[in-house]
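Colleague: According to the working numbering, the stretch in the sequence shown is residues 726 to 934, in order. C-beta atoms are modelled at their ideal positions from N, C-alpha and C, and glycine is treated no differently.
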Amino acid sequence: MTKSRPLAAVAAAALICGTTFAQADSFDFLALGNSNERGYAGFTHSAGGISVEATGSSADGKTPYFAYLDSGNAGLGVCKALTASNQCTPSSDDNVTFNELLRLDFNRTVTLSEILFVNGSHGTTFSGTFDLVIDGGPQTSYSLAHLFTMDLTGKTFDFINPNLLGDTDNLQQFYISSVEVSAVPVPAAAWLFVSGILGLVTVARRHPG
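1) Return yes when at least one heavy atom of the ligand COA lies under 7 Å from the C-beta of Pro-815, else no.
2) CA-CA distance, Gln-748 and Met-875?
3) Figure out for me which residue from Asn-820, Ser-751, Tyr-793, Leu-826 has the closest Cα to the Cα of Asn-811.
4) Spatial neighbours of Phe-746 within its chain, please: CB distance less than 6 Å, with the 5 preceding and 5 following residues excluded, ordered by chain position.
5) Mind the definition here: the segment 856 to 876 touches the segment 812 to 822 only if three or more C-beta pairs lie below 8 Å; say whether that holds.
6) Under 8 Å, with one C-beta from each stretch per pair, do the segment 785 to 803 and the segment 763 to 770 reach the 3-pair mark?
7) Looking at Pro-887 and Thr-854, is the spacing between their C-beta atoms short of 8 Å?
8) If you count every other CB in all the chains shown that lies within 10 Å of the CB of Arg-833, and 16 or more means buried, which is it?
9) From Thr-878, Leu-807, Val-904, pick the residue whose C-alpha is nearest to that of Thr-836; which is it?
10) So, with DSSP's three-state summary, where would you put Ser-776?
Here it is as structure tokens:
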């Protein structure tokens with residue numbers, strides 16, 4: 726019975742490693758925008774030990790714009806120009822329109838399991854698509870939807886508006902209202918942790934007193 730306790734401790738430690746990192750945290754840009762509408766050269770926010778920086782630019786990344794938190798139940802978009810009080814000008818240019826890019830850059834590798842979009846008029850219907858680039862990889866197109874569910878794993882996520890009518894058609898524009906994020910476990914770190922427990926078990930067995 727005594728010898729089984731260290732092994733049980735190891736199993737418990739392994740279980741903790743597997744479950745701690747799987748917890749999802751919500752980045753609620755809609756609530757943040759409702760409480761403090763404004764633009765940022767780089768907007769940073771943290772939840773559950775995960776940090777993200779949001780930035781805006783042209784789709785090719787060559788022209789910097791602003792990440793913009795819009796009120797009125799919208800969320801995070803992109804604005805080309807700000808007033809002295811950091812409000813978007815014109816005010817209609819605060820979502821992700823044609824040929825704009827919204828980047829979410831996390832401080833570690835994460836999985837996005839759920840994304841809530843709203844359209845240019847803060848509604849939930851769409852007629853366009855968005856392109857996504859993860860960690861500088863291939864550009865992939867997806868249909869815009871209010872609730873987008875797919876496990877997307879990486880550190881840097883570029884959301885691009887490729888819709889030719891995305892400057893004038895609200896149904897082809899988007900804000901990101903929220904994302905559900907979970908940290909990806911680092912296998913090597915987890916193994917080192919369990920290895921340390923195993924080392925303590927070995928020492929305990931050699932010195933039972």
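Modeller: According to the data block:
1) The ligand COA is not among the ligands present in this structure, which contains no ligands whatsoever.
2) Taking the sequence shown and counting its residues from 1, one reaches residue 748 at position 23. Taking the sequence shown and counting its residues from 1, one reaches residue 875 at position 150. Using only the alpha carbons, I get a separation of about 16 Å.
3) Counted from its first residue, the sequence shown places residue 811 at position 86. Taking only the C-alpha atoms, the option nearest Asn-811 is Tyr-793.
4) The count along the sequence shown starts at 1 and reaches residue 746 at position 21. A caution first: Phe-746 carries a pLDDT of 46, below 50, which makes its placement in the model unreliable, though a value can still be read off. Correct list, in chain order: Ala-908, Pro-910.
5) The answer is no - the segment 812 to 822 does not touch the segment 856 to 876, with fewer than three Cβ pairs under 8 Å.
6) Touching, yes.
7) Locating residue 854 in the sequence shown gives position 129, where the first residue counts as 1. Locating residue 887 in the sequence shown gives position 162, where the first residue counts as 1. Yes, they are a contact pair.
8) The residue you call residue 833 lines up with position 108 of the sequence shown. Looking at its Cβ environment, which holds fewer than 16 other Cβ atoms inside 10 Å, Arg-833 is exposed.
9) Counting from one through the sequence shown, the residue named residue 836 turns up at place 111. Closest option to Thr-836, Cα to Cα, is Thr-878.
10) As a position in the sequence shown, residue 776 is number 51, starting the count at 1. Three-state DSSP puts Ser-776 in a strand.
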